[in-house]
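The next block holds one structure in the form of structure tokens; read it before the comments.
Numbering (the working numbering), first residue to last: 3 to 77.
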């Protein structure tokens, strides 16, 4: 019974992230197209993805940029 609950929770978490990313993509398109509410879809997508996932990804990007910048300075 516990395994089924864990699998179900994992499935819903993945679906939320996929729908969130799709909302962000459509929201970016909506910034340029007149019939979509771009900002609203981007905000909904960010809410669905969640702060934890977004912070992890931005932290990885900043660490990557920091290492590249440090290598550039050493050169």
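Where a beta carbon is used, it is the ideal one built from N, C-alpha and C, also for glycine.
- In its chain, beyond the 5 residues on either side, 22, 23, 25, 26 and 29 have a beta carbon closer than 7 Å to the beta carbon of residue 47.
- Looking at the backbone, the Cα of residue 65 and that of residue 52 are separated by about 20 Å.
- Per DSSP, residue 47 is one residue of the alpha helix (DSSP H) stretching across 40-51.
- Collapsing the DSSP output to three states places residue 67 in a helix.
- For residue 37, the three-state secondary structure derived from DSSP is coil.
- Pairing residue 10 with residue 50 gives a Cβ-Cβ distance that is not under 7 Å.
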